[in-house]
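Presented below is the structure to which this report refers.
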Amino acid sequence: MRLDKLLEHENFGSRKKVKRLIRSKKVKIDGKVVTCENQNVDAQLQEITVEDTVITQKTHEYFMLNKPQGVVTAVHDKDHQTVVDLIKEEDYRQKLYPVGRLDRDTEGLLLITDNGQLGYQLLLPHKNVTKRYEVIVNERLNDEDVKSFQEGIVFHGGECCKPAVLSILSTSDNESRAYLDIDEGKFHQVKKMFLSVGKKVTFLKRLKMGPIELDQQLKPGEYRRLTPKELETLLPYFYK
Ligand code: URA
Numbered sequence: 010m011r012l013d014k015l016l017e018h019e020n021f022g023s024r025k026k027v028k029r030l031i032r033s034k035k036v037k038i039d040g041k042v043v044t045c046e047n048q049n050v051d052a053q054l055q056e057i058t059v060e061d062t063v064i065t066q067k068t069h070e071y072f073m074l075n076k077p078q079g080v081v082t083a084v085h086d087k088d089h090q091t092v093v094d095l096i097k098e099e100d101y102r103q104k105l106y107p108v109g110r111l112d113r114d115t116e117g118l119l120l121i122t123d124n125g126q127l128g129y130q131l132l133l134p135h136k137n138v139t140k141r142y143e144v145i146v147n148e149r150l151n152d153e154d155v156k157s158f159q160e161g162i163v164f165h166g167g168e169c170c171k172p173a174v175l176s177i178l179s180t181s182d183n184e185s186r187a188y189l190d191i192d193e194g195k196f197h198q199v200k201k202m203f204l205s206v207g208k209k210v211t212f213l214k215r216l217k218m219g220p221i222e223l224d225q226q227l228k229p230g231e232y233r234r235l236t237p238k239e240l241e242t243l244l245p246y247f248y249k
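Numbering (my numbering), first residue to last: 10 to 249.
Okay, here's the thing in C-alpha cells:
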C-alpha cells in the first residue's frame, strides 16, 4: 500500500494533509524520516511512526539460523536439543517454528518464524522454492551423474524427483564436493538422490532457500534476524 493512502486510511486527514505531514518530516519508517510521499510500504514488514506514535508494527519474527549438526529440526524434543532451543529470545520462543526440515546431521540455513502463512507458502510444492545444498559424497562424480540429476532421479522404490541441477566442484575416487539445487522437499531427498546413483552423502549443508542465502558470518549454532532487504525478497511468498 502507498504510504499516503495508508495514513489517510489511518485517519491522519485528507491526502493533502497527509502529504503535508510527510513533507514536515514527522513520518518515519523503521526510524528513518520519510521523504517520498507515495512510496510503497508494508505494514507487516515495516514500523511506521507519525510524530513517534507507532502506526503499524511488525507483527512477526524472522530468524536465519545456521543449524549445527546434532540438533533436531523441531520445536520440542525430549531427547535432543532443538533448533528453537537455540533461539535465546525467551519472549518469542514459544511462538516460533522452523520452516521445513533438515536432518539431525545436516547443517546450514534454516528459517525460523512465527509467521505460519509464510512457512506454509514457502513449502508448497507448486511454489518451486529452490534449495541449494553443498554436498560431499564418498565417490567420484561425473557427467553421467549430472545428466541423471538433470533428467530427474528415480528413487529405488520408484518415486520420481523433478529435474535438479548438480554442479561438481571437485572430484576424486573417494571424495567429491558439489552443489545441488532442488525445487522440492521430499524426506531425506538429497541423500536418497545420491544413493540412487550409488553414492553416499557424508556431509550436507543448506546454503540457500528461495531468495535467502545463508549468511557466511554465522557460525554453526548462530542466528540473526532477517534484514528488511531479505524480508522484501520474501514478499512474493507472503500471500496466496
Ligand atoms: N535432504 C536430505 O537428505 N537431508 C536434509 O537434511 C535435507 C535435504
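Note that the Cβ used here is the ideal one computed from N, Cα and C, for glycine as well.
Source: prediction; values computed, not measured.
| message | Here's the rule: buried if 16 or more other CB atoms are within 10 angstroms of the residue's CB, otherwise exposed. What is residue 71? | response | Your numbering for residue 71 matches position 62 in the sequence shown. Buried is the call here.
| Under 5 Å, CB to nearest heavy atom of the ligand URA: contacting residues | 111, 112, 115, 197, 198, 199 and 200
| Would you say residue 57 and residue 31 are within 8 Å of each other, going by their C-beta atoms? | Counting from one through the sequence shown, the residue named residue 57 turns up at place 48. Counting from one through the sequence shown, the residue named residue 31 turns up at place 22. Cβ distance not < 8 Å, so residue 57 and residue 31 don't count as in contact.
| field | Nearest residue (CA-CA) to residue 84, options 92, 185 and 54 | value | The residue you call residue 84 lines up with position 75 of the sequence shown. Among 92, 185 and 54, the Cα nearest to that of residue 84 is on 92.
| field | Those runs of the alpha helix (DSSP H) which lie wholly inside the stretch 14-78 and span at least 4 residues | value | 24-32
| query | For the 8 Å Cβ check, are there 3 or more pairs between the stretch 132-141 and the stretch 188-196? | reply | yes
| Status (buried if at least 16 other CB within 10 Å, exposed otherwise) for residue 12 | To locate residue 12, count along the sequence shown from 1; it is residue 3. Result: buried.
| request: Please report how far the alpha carbon of residue 129 lies from the alpha carbon of residue 243, in whole angstroms. | output: Residue 129 sits at position 120 when you count from the first residue of the sequence shown. Residue 243 sits at position 234 when you count from the first residue of the sequence shown. C-alpha separation (whole angstroms): 13 Å.
| Is residue 190 helix, strand or coil by DSSP? | Stepping through the sequence shown from its first residue, residue 190 is reached at position 181. Here residue 190 sits in strand by DSSP.
| residue 233 to residue 96 span [Cα, whole Å] | Position 224 of the sequence shown holds residue 233. Position 87 of the sequence shown holds residue 96. Approximately 9 Å, taken between the alpha carbons.
| Cβ neighbours of residue 81 in the same chain (closer than 6 Å, five flanking residues each side left out) | Looking up residue 81 in the sequence shown gives position 72. Correct list, in chain order: 89, 91 and 113.
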